[in-house]
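To keep things clear, I will list the structure first and then write my remarks on it.
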Amino acid sequence: MNIDQVTLVGQVFESYVSEYHKNDILLILKERDEDAHYPVVVNAMTLFETNMEIGEYFNVFPNEVLTIFDSALQRSALTILQSLSQPEGVSMKQNLHARISAPQYIVVYSSLWVLLVVACGTPPQRSLMSSAMSAPRIRTNETLGRLQWSART
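Position one of the sequence shown corresponds to residue 38 (the numbering used here), numbered consecutively onward.
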């Protein structure tokens, strides 16, 4: 990854966790064990909807992106800690880790992209892929039975 890509991924993820996982981070900062490892579980679809390029980089450079996510999570935690008016009972943790959770329907989008590549002969244009990714989500039941449509949240 080049420096611009690293910067983009870090900034987007830091902003994302600051907005969507602030309470998770606060709970971690209140923990007593400073040496423990603390995960912050992030929903892949929500994150990738925030910025589709992040999903693309994650698919191509998963190890590098996870390392960037961990660094951005550290920065976000430090910013949150410094913003507290009464920081008693909280401390910075050195072992914060981003963990990506992928809901079942993410597979449908991957399959859709493959179908578009097969149908078009080349990867689709960004605008075509963006509109495809904006389609209603399809999820399968726990028993992998009938397909259900669910409206976008």
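The beta carbon of each residue, even a glycine, is placed where N, CA and C say it ideally should be. Source: prediction; values computed, not measured.
Out of Leu84, Ile117, Gln42, Lys67, state which residue places its alpha-carbon closest to the alpha-carbon of Ala135. Leu84
Three-state secondary structure (DSSP) of Ala81: helix
Would you decide whether His58 is buried or exposed? Buried here means 16 or more other CB atoms lie within 10 Å of its CB. Classification for His58: buried.
With C-beta atoms as the reference, is Val77 less than 8 Å away from Ile62? yes
Once DSSP output is grouped into helix, strand and coil, what is the label at Ser138? strand
Are the beta-carbon atoms belonging to Val54 and Ala109 less than 8 Å from one another? yes
If you drop the 5 nearest sequence neighbours on each side, which residues of the same chain put their C-beta closer than 7 Å to that of Glu248? Outside the shown range of the chain, which is 38 to 190, sits residue 248, and nothing can be said about it.
Assuming Ser108 is part of the alpha helix (DSSP H), what are its boundary residues? 99-120
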